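To start, the structure under review is shown below, and the notes come after it.
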Amino acid sequence: MTGAPAIAGSPARAAATSEARRKGGTVSFEGLGKVYRSSAGEVTALSDISLDIRAGEIFGIIGRSGAGKSSLLRTINRLEQPTSGRVRIDGEDIAGLDESGLVGLRRRIGMIFQHFNLLSAKTVRENVALPLRVAGVARDEIAQRVDQTLALVGLEGKGDTYPSRLSGGQKQRVGIARALVSRPEILLCDEATSALDPETTVSILTLLKDINRRLGLTIVLITHEMSVIREICDRVVVIEKGEIVEEGPVWQVFGTPCHAATQALLQPLENGLPEDLAHRLRDTARPGDETVVELRFAGHRTPDLTGLAAAAGGTVRLLSSQVERIQGHAIGQILVGLGAGARPEALGQIADSARVIGYVDATDD
Amino acid sequence: MLTPQMIDRLWQALQDTLLMVGVSAGIAVLAGIPLAVFLVTSDRNGIFPAPRLNRIAGALVNGFRAVPFIVLLVALIPFTRLVAGTTIGVWAAIVPLAVSATPFFARIAEVSLREVDPGLIEAAQSIGCRRWHIVRHVLLPEALPGIIGGFTITVVTMIGASAMAGAVGAGGLGDVAIRYGYQRFDTTVMMAVIAILIVLVCAVQFAGDTAVRRLRAR
Ligand SMILES: Nc1ncnc2c1ncn2[C@@H]1O[C@H](COP(=O)(O)OP(=O)(O)O)[C@@H](O)[C@H]1O
Ligand SMILES: [Mg+2]
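Chains as they are written, first to last, in numbering that gives the first Met the number 0: chain A, 0 to 364; chain B, 0 to 217.
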């Protein structure tokens, strides 16, 4: 690794990209469909999904419960066999693999689960060692790699404990270690943080992001928690009733949600109109009223406060604000109250959209 | 009081019972666990799907379980002669005991194997386990406490069934109790046999429970 000639950019960055390229880790779906047939009838879980996941990215899949997220994810390591269409991993169609081919594929793809799925009869060390044991790796190497991986996930010293003695967050770390010990190129996460409390969720997400950076691993992640997507994903796809309804960089999908399903999923992140304002808001202005304007930022510009004051041409009060930075883009909305004589129409240049939502009596404050 | 000859006879009978139950329990484990694994994995949604064979195996198991042991003891005489080379004595009793205990134990073990969380099988598949790895590393170890509990029940049931082995001249505690206690009205012998059986059953149950508790405490 040392002394690699850096032609452009920093050496570390060049090494990281070449590593990612060498390892691969792309997934592509072509016209994928999945129909479950049972005695109760047929359920179409996925239809005509076409999608490319790039090597080294953190890709999010969101959608309501029953939308088909798990079905989609599980076709990547063929825990689920598609009914139609194709899944390619690094260009290779995985439909034709026999048991040995499938075992080989699965050693290149790790997976973690909502309920961790650890073997209760095995210690942490034995759980993490299992992928290597069944692959016939030598005993010394297993011991060494298990120790390394336990250190990577922050579980040094827990090797001889049984999973039942661990907290949820620790269990998921064991799950991550087990998924990483065979040095996969892709990591699949099915609601991996949904059984965890918010604080533990953050620590697991930090770990995943760290692993993604350090190992150049592609992560495909399902969640129903939009905050998880916002925290760590690069790109996201929204699935509704088995179809893709929206896809793109997280800031774009969050900044300009086009589909009703996406808007519904994003709803919990928005605080909406503060309650006290909502009560006092009037549709028509009376003399001396403040004009309440909502400015939305969809990631195309950063709120310019000086410009805002200048454009408003009068007093401007910040009533409520919820702007976040996602992937370097300002996303969210602010509410401002403009004094008499201000020009709300001029605010259109400041934000990605501006609209007067009503009038309040400013003297109430 | 018990005469020295009677104590001798009881001692011999205890050894016969232990031999009959021990050997046939061993066979029941060796044959019953693979049978249970087959019943679970050959299911339509199992890891080695073979629905037709699964139905046949299921029907056979049910058939054997439907026949009372005393009937099986007699009905199996030709088979016993073939396998044990005799139709009389301890070894002649071991054959029907094993034949009756195997499907009994297999069904109990099957229940424990089916209770293994399908998520664990999925996780094993996702890390590149072949199907027999799943049997070896997931199904059997995860179901072990239940299997041991089921084995305990099987052994206790077999101790009871072995009392009928006297019908083929196999001896054992049950035989002594019937011949001396029932046919010669020797209540002391009867009580002694009952006491020994109680101790035996309690010991088996205690050993089984302890093993299960240790495993579950992990
Ligand atoms: N094994 C199965 N058999 C039958 N139907 C299934 C099965 N798995 C999932 N489904 C159905 O497929 C649809 C999509 O399920 P799933 O992929 O689990 O959705 P999500 O993960 O988004 O909640 C649901 O309607 C679900 O009931
Ligand atoms: Mg799901």
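Beta carbons: idealized from backbone N, C-alpha and C, even for Gly. Small disclaimer: the values here were computed from a predicted structure and weren't measured.
Report the residue from the options whose alpha carbon sits nearest the alpha carbon of residue i.
i: GLY287 (chain A); options: A:ALA176, A:VAL359, A:GLY59 and A:LEU276; result: A:VAL359
i: LEU187 (chain A); options: A:VAL322, A:ALA66, A:THR74 and A:LEU265; result: A:THR74
i: ARG8 (chain B); options: B:ALA176, B:PHE205 and B:ALA206; result: B:ALA176
i: ILE6 (chain B); options: B:VAL203, B:LEU199 and B:MET189; result: B:MET189
i: ALA24 (chain B); options: B:GLY180, B:LEU172 and B:ILE152; result: B:ILE152
i: ARG36 (chain A); options: A:ILE61, A:GLN80, A:GLY23 and A:ILE48; result: A:GLN80
i: ALA150 (chain A); options: A:LYS33, A:VAL127 and A:GLY135; result: A:VAL127
i: ALA339 (chain A); options: A:LEU117, A:ASN76, A:ASP146 and A:GLU289; result: A:GLU289
i: MET163 (chain B); options: B:PHE78, B:PRO102 and B:ALA91; result: B:ALA91
Quick one, are the C-beta atoms of residue i and residue j less than 9 angstroms apart?
i: ILE126 (chain B); j: GLY109 (chain A); result: yes
i: LEU206 (chain A); j: ARG172 (chain A); result: yes
i: ARG300 (chain A); j: ALA350 (chain A); result: yes
i: VAL237 (chain A); j: HIS258 (chain A); result: yes
i: ARG182 (chain A); j: LEU129 (chain A); result: no
i: THR122 (chain A); j: GLY156 (chain A); result: no
i: THR86 (chain B); j: ILE93 (chain B); result: no
i: LEU52 (chain B); j: SER41 (chain B); result: yes
i: GLY357 (chain A); j: VAL291 (chain A); result: yes
i: GLU56 (chain A); j: THR217 (chain A); result: yes
i: LEU59 (chain B); j: ALA191 (chain B); result: no
i: VAL152 (chain A); j: ILE185 (chain A); result: no
i: VAL89 (chain B); j: ASP15 (chain B); result: yes
i: LEU45 (chain A); j: SER70 (chain A); result: yes
i: THR255 (chain A); j: GLY298 (chain A); result: yes
i: ARG229 (chain A); j: GLU125 (chain A); result: no
i: ALA100 (chain B); j: ALA27 (chain B); result: yes
i: ILE197 (chain B); j: ALA35 (chain B); result: no
i: LEU214 (chain A); j: ILE203 (chain A); result: no
i: ALA345 (chain A); j: ALA308 (chain A); result: no
i: ARG285 (chain A); j: GLY331 (chain A); result: no
i: GLY84 (chain A); j: LEU31 (chain A); result: yes
i: SER320 (chain A); j: LEU276 (chain A); result: no
i: GLU224 (chain A); j: THR199 (chain A); result: no
i: THR222 (chain A); j: ILE60 (chain A); result: yes
i: LEU131 (chain A); j: VAL180 (chain A); result: yes
i: LEU138 (chain B); j: VAL39 (chain B); result: yes
Round the Cβ separation of residue i and residue j to the nearest angstrom and send it over; I've been treating them as touching at under 8 angstroms.
i: ILE88 (chain A); j: VAL26 (chain A); result: 6 angstroms
i: LEU334 (chain A); j: GLU293 (chain A); result: 6 angstroms
i: ARG105 (chain A); j: GLN11 (chain B); result: Their Cβ separation, rounded to whole angstroms, is 58 angstroms, which puts ARG105 (chain A) and GLN11 (chain B) out of contact at 8 angstroms.
i: MET19 (chain B); j: LEU96 (chain B); result: 6 angstroms
i: ALA74 (chain B); j: SER111 (chain B); result: So it is not a contact: roughly 30 angstroms between Cβ atoms.
i: GLY165 (chain B); j: ALA108 (chain B); result: The Cβ separation is near 29 angstroms, so there is no contact.
i: GLN113 (chain A); j: ALA191 (chain A); result: 7 angstroms
i: SER163 (chain A); j: SER226 (chain A); result: Not confirmed; about 29 angstroms, so no contact.
i: LEU105 (chain B); j: GLY31 (chain B); result: A quick correction: the sequence has Ala, not Leu, at residue 105 (chain B). Confirmed, Cβ separation roughly 4 angstroms.
i: ASP233 (chain A); j: PHE58 (chain A); result: 7 angstroms
i: ALA263 (chain A); j: VAL244 (chain A); result: Actually they do not touch by this definition, with Cβ atoms about 11 angstroms apart.
i: ASP189 (chain A); j: LEU50 (chain A); result: ASP189 (chain A) to LEU50 (chain A), Cβ: 17 angstroms. No contact.
i: ALA54 (chain A); j: GLY24 (chain A); result: 4 angstroms
Quick check on DSSP: helix, strand or coil for residue i?
i: GLN182 (chain B); result: coil
i: MET110 (chain A); result: strand
i: VAL236 (chain A); result: strand
i: LEU317 (chain A); result: strand
i: LEU75 (chain B); result: coil
i: ARG20 (chain A); result: Because ARG20 (chain A) sits at a pLDDT of 45, beneath the cut-off of 50, its placement in the model cannot be relied upon, and the following sentence gives the value as read from the coordinates. Three-state result, ARG20 (chain A): helix.
i: PHE37 (chain B); result: helix
i: LEU233 (chain B); result: Lying outside 0 to 217, the shown extent of chain B, residue 233 (chain B) is not represented and no answer is given.
i: LEU346 (chain A); result: helix
i: ASP47 (chain A); result: strand
i: THR222 (chain A); result: coil
i: LYS157 (chain A); result: coil
i: VAL66 (chain B); result: coil
i: THR209 (chain B); result: helix
i: LEU18 (chain B); result: helix
i: GLU184 (chain A); result: coil
i: ARG295 (chain A); result: strand
i: ILE55 (chain B); result: helix
i: GLU125 (chain A); result: helix
Closer than 8 angstroms to a non-hydrogen atom of ligand 3 - does that hold for the CB of residue i?
i: VAL219 (chain A); result: Ligands displayed in this structure: ligand 1 and ligand 2; ligand 3 is not among them.
Check whether the Cβ of residue i lies closer than 9 angstroms to any Cβ atom in chain C.
i: GLU184 (chain A); result: Chain labels in this structure do not include chain C; the protein chains are A and B.
- Task: Spell out a yes or no on whether the region 109-118 of chain B and the region 65-78 of chain B are touching, meaning 3 or more CB-CB pairs, one atom from each, closer than 8 angstroms.
- Result: No, they do not touch.
- Query: Would you call the region 192-211 of chain B and the region 39-50 of chain B touching, i.e. three or more CB-CB distances under 8 angstroms?
  - Reply: No, they do not touch.
- Assess, as a yes-or-no matter, whether the region 46-65 of chain A is touched by the region 266-277 of chain A under the definition of 3 or more beta carbon pairs within less than 8 angstroms. Cβ pair count under 8 angstroms is below three, so no.
- Item | At least 3 beta-carbon pairs within less than 8 angstroms: the region 241-256 of chain A vs the region 89-102 of chain A | Taking one beta carbon from each stretch, the region 241-256 of chain A and the region 89-102 of chain A have fewer than 3 pairs nearer than 8 angstroms; the two do not touch.
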